[in-house]
Amino acid sequence: MSDRMTPIPFSQMVEWILEEEKSKGAVVGIRRPYRADKKYNRTIFGRTLETPVGPAAGPHTQLTQNIVAAYYAGSRFFELKTVQIIDGEDLPVSKPCIKADDECYNCEWSTELYVPQAQEEYIKAWFLLHVLAKEYGLGGADGAGFQFNMSVGYDLEGIKSPKIDSFIESMKDASGTETYQACRQYLLEHVGEFKHVTKEDIENISPNICNSVTLSTLHGCPPQEIERIATYLIEEKGLHTFIKCNPTLLGYEFARETMDRMGYDYVAFGDFHFLDDLQYEDAIPMLKRLMALADGKNLEFGVKITNTFPVDVKQNELPSEEMYMSGKSLYPLSISLAAKLAKEFDGKLRISYSGGADFFNIKEIVDAGIWPVTVATTLLKPGGYQRMSQMAELVQEENGAFEGVSAEKTAKLAENAITDKHHVKDIKPLPSRKIDGNVPLVDCFFAPCKEGCPIHQDITTYLQLAGAGKYEEAMKVITEKNPLPFITGTICAHNCMSKCNRNFYEDPVNIRGVKLVCAEGGYDALMKEVKAGTLSGKKTAIVGGGPAGMAAAYFLTKNGLPATIYEQKDSLGGVVKHVIPGFRIADGAIEKDASIVTAYGAEVKYHTTVSSLDELKAEGYDYIILATGASKPGVLKLEAGETVNALDFLAEFKAKEGRLDIGSNVVVIGGGNTAMDTARAAKRTTGVEHVYLVYRRTKRYMPADAEELEMAVEDGVEFKELLAPVKLENGRLLCDVMKLSDMDTSGRRGVAKTGETVEIPADTVIAAVGEQVPTSFYQENGINVSERGKALVNEETLETSREGVFVIGDGLGGPATVVEAMRDARKAAEAILGKPAAMDFDDTVSDLSKLYDRRGTLVETKEDKEDCTRCLGCSNICENCVDVCPNRANITITVPGMEKHQIIHVDYMCNECGNCKSFCPYDSAPYLDKFTLFANEADMENSKNQGFVVLNAESGECKVRYLGDIYTCKTSDEDSRVPEGLRRIIAAVCQDYNYLLG
């Protein structure tokens, strides 16, 4: 496999577009075309522009198919990828070169093609966009309405070189190029293949591709050199000219303070670029001189904000020492620079914008008079090019002539960017969106939410039902695997939502909220239908009536076996009922779950403590499930003074409804979810004025969920980060001041003492340092334990060394989540039942068009009951790798005889940027791991990918690499060692997608 792309011949591109649109209703994978309305036309550089948005110079304007995809989706201004004197194989680009899972980083710069190849790609695209406009009614009748903007760099000598000079002149007038003549002739010879494109349309396609240019210079380029280049482009080349400006114009202190304030304190950069780059005091007079020069030549001049922002590689993000930051973290710097220049020039300096523009801010940017706006990072995320449609619609405006940049509006944008939730860094690092394992060669679609859920809840099924208002049916689906819908609909840690692909759009689908809506809407009807059957057979005693014990009783009795819960307290619910504060979950919700759990006949013995398993055995129980919880209190020892256990405090807080005497200053030690609950409860305790939460690292490294942290912050808990408690004396807690060390490769930072200390007022210190499993109880009852005191169990059944005795829930591995407790309960129940305790539901969607309509469309989180309409239906359609590939190198195909769409990787389109790896829900890289189509045998030999090369499409003869071996076979060979599914995929390519074969 090579990281060099092979440009697609013009004839093949035409065939691909016409065939795919006719048979699949798509063009290079884009399913929703944007059709421009001339009433929204603007004018720039003396030419019409149907929408003021498009792709930035980068991965989306490097190849013909990239530009076609962007246009079909709504782009009309194309900043072509930068050309410079160093090109092709002489250009060093480390691969992979893109990481865009949150804020974006890259280590690539100008076109990876040779400059003459880039020129050919742009001319081919120019023709194709005219054809698309007329054939599919996407633009003006004459095919106009879009503009190509050259991007050149990086010094005057290189720009004046014969190679770059020829490129510039050919883009100004391509009529003398072989490519222009060949494309024109091909279209004329094949005009009969079009329905709406005529001979006259083809003959009228202008050879004057570009009349504008954007100048990109390297960091450290002297101002005199920048001005000389711009002067040359204006005077000698007669081009409307933009100069790319860097955020370094803002100064190091501003950039560092802004990044730190917004949570990007881990983004490392020095001050040398700020010192070496163009200085603000030099830039202003230079820009004024160039404005005057361009005006005298009747040309338009402006700045392009912004060039990339160089930062250090610290966590092996990319294989380079320095990388370029873009996306949501670049926006506050870019828009701040725009605001500063808008004020400096009183709005008269034209600003072309890039740098974190997306669906959430693009309308306001354009409304401020800043356009054209080009984007890259947002197109690198799931939805891909299709995101352009929504942005193009957002900025539609009649009479959108340029009347200057509003300094007031731009300043407001810059002010708001600092606190905008779409741009500040999340309080916690992103959780992994991946599951273990490589992406399979066939049938790779699955629902990450379901896979991420410990009980594999049938989430997409009940979301569909909830969307139709069928709450009773949804409750039947939910309670098949989850007997605690009210508890999990309220306080579940919702790992499902962490895995949701919507995270890459805006926010995850509110799965937990929808579950609660279903529980509230379907509970009464469900309970009327539940009938307790006759319970017979072997009996099970369950020690502990918390979530784990409740779930175990439910699964056993629902499947016909008797079960008895032994509970110390007066009600079921365990920690959830007796410890978790009422402001987190109401008792009534817990009681409804208890009713569901006991509806099938489970017996409950309250106020009962079990100390001997032998006594239970003597009562005739065949099995015992220990759901005791992590009942041994965690202890924090200080050099002086005593601490209160967090669970003891929470239990007393709940029992006395917060009427406790713990003083006015309370310190909570810990950083987990229990610490957050404790601190929030302390804030609600009578007489408490200040609650301080002490932790040895910063918020970013606390184990608590982001949601729990945010709620604690909102409640006014005062976080004391980088402190380690030492001793409590005279109402003061002495703490060592800590400092973070450098990050390791996992992104975690160690801590070390600084030698300094601080004191915090503390009437009461509460330690939330984790509870422990009841080791002595296990040992006293003949259960073998590990060196850490945890019960040794069979991982599949959770049976201990004592036959017929199982351990589940927090008592197994320590404090965990409610849904993990239910997972354990089902494992033990199934071991006792000898069969599955629940079934899976089908979530197949018959009309995939509804799901495709959601892809590439960003929608803010809706009310819980409506949020199911944001579900992307990933088990029916994933295609993340298809969406995020700028080059369209991952292709969706329909294969006869196979239920789901299939994905193939097209080797010759791929430059190994690695972007698909970031968004594949498997711990995998589709460009390396998906079944690959090679253009020829040499390419196949040069790769390790499993894949195929077609030797004869008509006969289906091919060469296939599978499991490391290479076979020559035909798709009809039933006795081939190549699996039938792969042969079906190859056959489909030969028969229905032969335009991919060249």
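Using this note's numbering, you'd call the opening residue of the sequence shown number 5 and step up by one each time. Backbone N, C-alpha and C define an ideal beta-carbon position, used for all residues, glycine too. Quantities reported herein were computed from a predicted structural model and do not represent experimental measurements.
Where PHE653 falls: helix, strand or coil (DSSP): helix
Same chain only: Cβ atoms within 7 angstroms of GLY388, ignoring 5 sequence neighbours per side: GLY860, ASP887 and VAL888
Residues sharing a beta bridge with PHE82, DSSP: PHE152
Residues of its chain near PRO930, where Cβ-Cβ distance is below 8 angstroms and the 5 sequence neighbours each way are ignored: VAL443, CYS885, ASN894, ILE907, HIS909, CYS920, LYS921 and CYS924
DSSP-derived helix/strand/coil call for SER333: helix
Supposed close pair MET290, PRO227 - CB separation, criterion 8 angstroms: 6 angstroms
Best match in LEU191, LEU219 and ALA40 for proximity to ALA137 [C-alpha to C-alpha]: ALA40
HIS460 vs GLY360 beta-carbon contact at 8 angstroms: no
Range covered by the alpha helix (DSSP H) that runs through MET531: 515-533
Rounded separation between CYS878 and ILE594 - CA only: 32 angstroms
Runs of alpha helix (DSSP H) lying entirely within the stretch 197-260, each at least 4 residues, in chain order: 203-207 and 227-239
Exposed unless 16 or more other CB atoms sit within 10 angstroms - verdict on PRO983: exposed
Candidates GLY373, ASP350, SER330 and ALA372, of which the one nearest SER358 by Cα: SER330
Cutoff 6 angstroms; reference ASP91; Cβ partners in own chain excluding five residues on either side: TYR118 and VAL119
Beta-bridge pairing of LYS636 - partner residues as DSSP gives them: GLN776
Chain-order list of residues whose beta-carbon lies under 6 angstroms from that of PHE450 (same chain, five-residue window excluded): SER879
Residue span of the alpha helix (DSSP H) that contains ILE744, given as start and end: In the sequence as presented, Ile is not what sits at residue 744; that position holds Leu. Run containing LEU744: none in the alpha helix (DSSP H); it sits in the beta strand (DSSP E), 736-747.
Beta-carbon proximity of THR768 to VAL639, cut-off 8 angstroms: no
Backbone secondary structure at PHE952 - three-state DSSP: strand
Beta-ladder partner(s) of GLN906, from DSSP: ILE897
LEU732 vs ASP740 beta-carbon contact at 8 angstroms: no
Contacts around LEU967, its chain only, beta-carbon distance under 6 angstroms, and the 5 residues preceding and following it disregarded: none
Three-pair Cβ contact test at 8 angstroms for the stretch 517-528 versus the stretch 630-638: no
C-beta atoms of VAL518 and CYS872 nearer than 8 angstroms: yes
Short Cβ contact (8 angstroms threshold) for TYR44 with GLU402: yes
Bridge-paired residues (DSSP) for GLY808: Per DSSP, none; premise fails for GLY808.
Range of the contiguous beta strand (DSSP E) that encloses ASP933: ASP933 -> not in any beta strand (DSSP E); alpha helix (DSSP H) instead, spanning 930-933.
Validate contact between the stretch 590-608 and the stretch 702-715 using beta carbons, cut 8 angstroms, 3 pairs: no
Three-way DSSP call (helix, strand, coil) for GLY759 in this model: strand
Beta-carbon proximity check, VAL31 vs ARG892, cutoff 8 angstroms: no
Segment contact flag, the stretch 575-589 with the stretch 847-865, C-beta cutoff 8 angstroms, min 3 pairs: no
Closest residue to ARG232 among TYR184, PHE273, GLY162 and PHE935 (Cα-Cα distance): GLY162
Pair within 8 angstroms by beta-carbon distance, PRO336 and MET395: no
Status (buried if at least 16 other CB within 10 Å, exposed otherwise) for THR804: buried
CB contact flag (LEU539, LEU565, <8 angstroms): yes
Where the beta strand (DSSP E) containing LYS26 begins and where it ends: Unbroken run through LYS26 is the alpha helix (DSSP H), 14-28; no beta strand (DSSP E).
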